[in-house]
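Each residue of the sequence shown is one higher than the last, beginning at 1 in the UniProt record's numbering.
A virtual CB, placed ideally from N, CA and C, is assigned to each residue, including glycine.
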Amino acid sequence: MNTVDIIILFLLLLGTFSGYRKGLFIGLLSIVAFFIAILLGFKFMHWGAEILAQNVESFTFMLPFVAFIIIFFAVTITLRILAYVIKKAIDFTLLGSFDNLGGAVLGFFKWAFMISLLFWVGKSFEYEIPESRVADAVVYPWIAPIAPATVEALETYTPMIDHSINSIRKLVEIDTGAVVDR
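Structure below.
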């Protein structure tokens with residue numbers, strides 16, 4: 001085991017503890033809220049940008065991004081508040097203990113996915129962990145392929161993911177092209 005593995009294990013332990021504290025219900029609803037917020041953010045991004053454009057005169061190229069972020073956080077916060085209200089009711093029943101245990105398992109897998117996603121995004125932007133750092137790693141080879149495999153599996157069910165990824169790539173290319181041209 002090396003330094004990369006120790007960092008990954010620490011983050012997984014943190015995710016497991018966080019999941020235990022939140023519980024399975026909050027954890028699942030947080031994931032659902034995340035995807036609903038992304039979908040609604042993309043769906044209403046241009047509408048939000050039009051509203052913002054009426055009040056903002058400069059930096060109009062950023063308005064779709066700002067609109068997306070506002071919509072994303074508004075949806076996420078609203079759904080999480082509702083989830084916490086329901087969670088308090090669950091805690092008063094016998095399901096509260098099972099909810100916490102299930103939350104620990106979900107927290108572990110959620111953080112494993114996020115760590116893998118971080119590695120994958122870093123690799124997409126040509127920032128990889130040097131091979132010498134992961135050559136004798138034990139945990140890294142198990143965690144790194146989780147996000148790419150999950151997204152690949154979901155693409156067959158939801159073509160919107162592929163469309164969204166391509167849209168983001170185009171936006172990144174436009175932004176990086178604008179920076180390079182200056």
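So the candidates are the options; which of them puts its Cα closest to the Cα of residue i?
i	options	result
THR78	ALA147, ILE26, LYS43, VAL139	ILE26
ILE7	GLU126, VAL138, VAL75	VAL138
residue 200	VAL85, PHE72, MET1, ILE129	The question about residue 200 has no answer here: the residues shown for the chain are numbered 1 through 182.
HIS46	ILE70, ASP136, ILE143	ILE70
LEU28	GLY41, PHE68, ILE86, ILE51	ILE86
PHE42	ASN100, PHE68, GLU50, ALA147	PHE68
ILE143	ASP136, ALA112, PRO130, THR156	ALA112
Reducing DSSP to helix, strand and coil, say where residue i ends up.
i	result
VAL100	Checking the sequence, you will find Asn at residue 100 rather than Val. It is helical.
ASP136	coil
LEU94	coil
GLY23	coil
TYR127	coil
SER18	helix
SER58	coil
THR150	helix
PRO141	helix
THR156	coil
MET1	coil
THR176	The predicted position of THR176 is uncertain, since its pLDDT is 45 and thus under 50; no value can be drawn from it.
Taking only the alpha-carbon atoms, compute the straight-line gap between residue i and residue j and give it to the nearest angstrom.
i	j	result
LEU63	GLY48	8 Å
PRO145	SER116	6 Å
GLY102	GLY23	6 Å
ALA104	LEU13	9 Å
ALA149	THR60	37 Å
SER132	TYR140	13 Å
ALA53	VAL75	21 Å
ILE31	LEU82	14 Å
GLU152	VAL4	25 Å
ASN2	TYR127	19 Å
VAL134	ASN55	50 Å
GLU50	PHE35	23 Å
ALA114	PHE65	The sequence shown places Met at residue 114, not Ala. Whole-angstrom Cα-Cα distance: 22 Å.
ILE38	THR156	19 Å
ASN100	LEU154	27 Å
ALA147	PHE10	19 Å
GLY15	SER58	41 Å
Just to confirm, does residue i get its C-beta within under 8 Å of one of the non-hydrogen atoms of the ligand COA?
i	result
ILE7	You won't find the ligand COA in this model; it holds no ligand whatsoever.
Kindly confirm or deny that the segment 108-115 and the segment 7-20 touch, where touching means at least three C-beta pairs closer than 8 Å. yes
Answer yes if the segment 116-129 comes into contact with the segment 89-104, meaning at least three C-beta pairs across the two stretches below 8 Å, and no otherwise. no
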